[in-house]
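Notes for the one structure printed next.
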């Protein structure tokens, strides 16, 4: 299998931008684990995310 480099940043024209978004997490029956702070290993606070 050929290894292709995946771009970490994709540039879109305004016409290519999504017109709406869907929050998948809101409809999940089993919620994913919280994001962990890599330094402390504890769940991240709103201040750390924002």
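Residue numbers (this note's numbering): 14 to 63. Every residue gets a Cβ at the ideal spot worked out from N, C-alpha and C, and that includes glycine.
| Item | Value |
| --- | --- |
| Backbone secondary structure at residue 62 - three-state DSSP | helix |
| CB contact flag (residue 48, residue 57, <9 Å) | yes |
| Those residues which DSSP pairs with residue 56 across a bridge | 49 |
| Distance, residue 23 Cα to residue 59 Cα | 27 Å |
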